[in-house]
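Protein chains: 2
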Amino acid sequence: MFEVCLLGCGGSLPLPERSLTALLASYNGKMILIDCGEGTQVSMRQIGWGFKAIEAICFTHYHADHIIGLPGILLTIGNSGRQEPLTLIGPPGLREVITGLLVIAPRLPFELHLIELPIEQTTALQLAGIDISILPVYHHVPCVAYRLEIKRGRKFLPERAKALQIPVNFWKSLQQGHAIRTDGTEYTPDMVLGPARNGIRLAYCTDTRPLPAIADFIRESDLFICEGMYGSEDKYENALENRHMLFREAAELAKVGQVRELWLTHFSPSMPNPSDYLTEATKIFPNTKIGFDRMITSLHFPEE
Amino acid sequence: MFEVCLLGCGGSLPLPERSLTALLASYNGKMILIDCGEGTQVSMRQIGWGFKAIEAICFTHYHADHIIGLPGILLTIGNSGRQEPLTLIGPPGLREVITGLLVIAPRLPFELHLIELPIEQTTALQLAGIDISILPVYHHVPCVAYRLEIKRGRKFLPERAKALQIPVNFWKSLQQGHAIRTDGTEYTPDMVLGPARNGIRLAYCTDTRPLPAIADFIRESDLFICEGMYGSEDKYENALENRHMLFREAAELAKVGQVRELWLTHFSPSMPNPSDYLTEATKIFPNTKIGFDRMITSLHFPEE
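Here the protein sequences come in this chain order: A and B. Following our numbering, the numbering of the first sequence begins with 1 at its first residue and continues without gaps. Following our numbering, the numbering of the second sequence begins with 305 at its first residue and continues without gaps.
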C-alpha cells in the first residue's frame, strides 16, 4: 500500500493554522519526503509515521519555505536512532545549500548522500522500491516536479504454466521476466504472464507556471498534487509575475494530463479561504479537492 | 510599558503543542527578540504584535532549536515592509552562522548589522531604549544570558527648583543631569532631583549549567526566565552531561539572585507535563511559574 500525506497546504510563510506545503509518501515501511519547510517536522510528528524510515528528502527548489526545515528534521531523524545513510535530492545548487544550512547541524549520526540533479534535464531513479521521475519546471530559481510510481509486474498465470507443462522450478525466473532455454526447449515470460498492468502514480508539482511538459509528466496519475497559489482570476498578473498558478491553470493541467484526482495546495497567505475558489477548478476538472494540513490517502493498484 | 512574551517553552525539538523557547520584549513600540527556533515566527504571528518593529534579534547560542527560524523570520520581516537595518547579536561564530543560513535568503530589503560578542566577556549595549547586558554561561558551545533593563531617571522636583529660585529655562538641563554655571552661581542636578529609582529588569537564561555569576547577573530582576530542562531530581546526570538545569537549580538561582518572579522554560521533549515537578522549584523559590507558549506579562516601574 502506498500512503500519501500532504503535510501542509501553505505557500511562502508558515501560518498558525496552515503548515507549509510538503509531501510524505510511505511504501513498504520506507518513506520519501518532498520539500521540508519551517514546521514540516511538527506536522510529521502529528501524523505519527515516525522519522527513522525516511529514505530520501527531495526538494523542488531552494526557497526558504521549501527547505528551511531541513537542519531541524535531520537532527530529529538522528534522535530517532537512524544510522543508515539518507539521500537528499534536488536541483542544481543542492551541495551549496546543504553546506550552508548544516553550519548549525554539523554532526549527524548518519551519512548524507547528495544527488544534485543535472540542469534542465529530466531524471529517473529508483529508491526504496519507488520509481522517481523528475521534470524541470519554470520558477524564478531552478525548480523541479516529482512523479513517484510503484510499478507493477505482469500477473503470473500458473494454470497456463501447468497446461504448458513448464517445470515448477522455472516458474519464478519466468515470473521475473527471464527466458529459459533447456534441452532444446525455450520457455519465455510471455508464455506464462498476463497483460501489462498499471501501477500507482503520484505527481507533485509546485512553484511553477503551467507548462505543456507538466501535462505529459503527470499523465494518468492516480493523484496529482499541484500548487494553486491563487484562486481568483483577478490574480493572473500575480501568478505571471511570481511564476505560480491559478486554480484554473492547475485544473487545466489535471484535465489535459487525464489524472484521476487533483489536490490543490501551496495557497497564498493572502487567501484565507481557498475553498471560496474551488469552482474555478471544478468547472474544468471536477475531481479537484482543496488541500489541507495532513490530508491523507492510500493509493492502491487498480482492481483487475 | 515593557511587555514580555515567552513565545514557546520547549527545548531541543518543536512539538505540536509546544513551540521552541524564545522571548519577545516590546518597549515604546520597538521589539527585541531573543532566540528564534523553528516555528518562532508562527508563535509571533499568533500574538499579533507584528514583525516590522523588531529592532534586534539576539541569540543565546547556535544550536538549531535557537536559530533555525532566522532565515524565515527575516523574509517575513522583509514582507512586513521593513527597510531599516536590523541588528543581530550573538556569541562568537555569528558571522559564520548567518552566512551559512542566508544561503536561502540571499536578498533582504534591509541591511543586517551584526554584533558578534567577544569571547568570554560580559558586554553591555543599548538598543531601542533598552539596556542590554550579556553574560557568558556554560553550555557545550559558546552561549550567553541576556538582561534587558529599562533604566529610570531620578524624579525632577519642581517645588524644590522653585524654592531655590532656579530659572525655569535651566530645569530641563538639570533634569537631564547637566550642571549649569551662570553669573557665578552653580546649579547642580542634585539640587532638583529626587533619589535614585529602580527601573525594570528582565533576565533570560537558557542552555547552561547554573553558575554563581548568573545569580549576580539576574540580581533583583522583576522577572527571571530560566531554563528548566528537567523537573525530576532523577535527571541530575542528564543535566550535568547535557549542560542544562533541573527545576531546583533554576529556583536556587532565583532565590540567591533575589528576583521577584521566575518562569521556567525550555522543557525537555521527554517531560510531557512540566507542572508535575513545579514543587521541586516552589519549595525553594515560591514565586515560580511553569512557562507555556505565548505567556505574556507587562512589567511596570515600581510605584513610589
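Note that CB positions come from ideal geometry on N, CA and C, so glycine has one too.
If you check each beta-carbon in the stretch 377–402 of chain B against every beta-carbon of chain A, the ones closer than 8 Å belong to 379, 380, 383, 400, 401. Closer than 7 Å to the CB of residue 372 of chain B there is at least one CB belonging to chain A. With the rule of 3 Cβ pairs closer than 8 Å, the stretch 339–348 of chain B does not count as touching the stretch 95–105 of chain A.
Looking at the DSSP output, residue 486 of chain B bridges to B:489. Interface annotation, residue 408 of chain B: in contact with chain A, CB-CB separation under 7 Å. Against chain B, the CB of residue 126 of chain A has no partner CB under 7 Å away; the residue lies outside that interface. The alpha carbon of residue 338 of chain B has as its nearest neighbour, out of B:455, B:576, B:370, the alpha carbon of B:370.
Identification of residues in the stretch 237–257 of chain A having a C-beta nearer than 7 Å to some C-beta of chain B yields an empty set. Contact between the stretch 291–303 of chain A and the stretch 3–11 of chain A is present, with at least three C-beta pairs closer than 8 Å. Contact between residue 379 of chain B and residue 409 of chain B is confirmed by a C-beta separation of about 5 Å, below the 8 Å threshold. When C-beta distances to chain A are compared with 9 Å, the residues of the stretch 307–321 of chain B below that value are 316, 317, 318, 319, 320, in chain order.
Scanning B:510, B:449, B:506 for the CA closest to the CA of residue 563 of chain B turns up B:506. In this structure, residue 135 of chain A and residue 224 of chain A do not form a Cβ contact; the two beta carbons are roughly 13 Å apart against a cut-off of 8 Å. Along the length of the stretch 174–238 of chain A, whole beta strand (DSSP E) runs at least 3 residues long occupy 180–182, 185–187, 200–205, 223–227, reported in chain order. Annotation: Cβ neighbours of residue 405 of chain B in chain A (cutoff 8 Å, chain order): 100, 101, 103, 104.
When the alpha-carbon of residue 412 of chain B is set against those of B:493, B:491, B:569, B:387, the nearest one is in B:387. Close to chain B, meaning a Cβ-Cβ distance shorter than 9 Å, is no residue of the stretch 157–183 of chain A at all. Taking a Cβ-Cβ threshold of 8 Å, the residues of chain A close to residue 346 of chain B are 14, 15, 16, 38, 39, in chain order. DSSP links residue 559 of chain B through a beta bridge to no other residue.
Residue environment: residue 416 of chain B is assigned as exposed (fewer than 16 neighbouring CB atoms within 10 Å of its CB, all protein chains considered).
Taking 3 residues as the shortest admissible run, the stretch 308–349 of chain B contains the following complete beta strand (DSSP E) segments, listed from N- to C-terminal end: 326–331, 334–338. Among the CB atoms of chain A, one or more fall inside 7 Å of the CB of residue 349 of chain B. Interface residue (Cβ-Cβ distance to chain A less than 7 Å): residue 368 of chain B is classified as such.
The stretch 147–155 of chain A makes contact with the stretch 178–195 of chain A, as at least three CB pairs between them are under 8 Å.
Residue 393 of chain B: member of the beta strand (DSSP E) spanning 390–394, first to last residue. Inclusion of residue 393 of chain B and residue 419 of chain B in the CB contact set at 7 Å is warranted, their separation being smaller than that value. Rounded to whole angstroms, the separation of the alpha carbons of residue 426 of chain B and residue 569 of chain B is 24 Å.
With contacts defined as CB atoms closer than 7 Å, residue 166 of chain A and residue 187 of chain A qualify as a contacting pair.
Shown here, residue 159 of chain A sits in a helix according to DSSP, grouped into three states. Check the Cα spacing between residue 273 of chain A and each of A:13, A:12, A:18: the tightest is with A:18. Here the alpha carbon of residue 535 of chain B sits roughly 27 Å from the alpha carbon of residue 51 of chain A.
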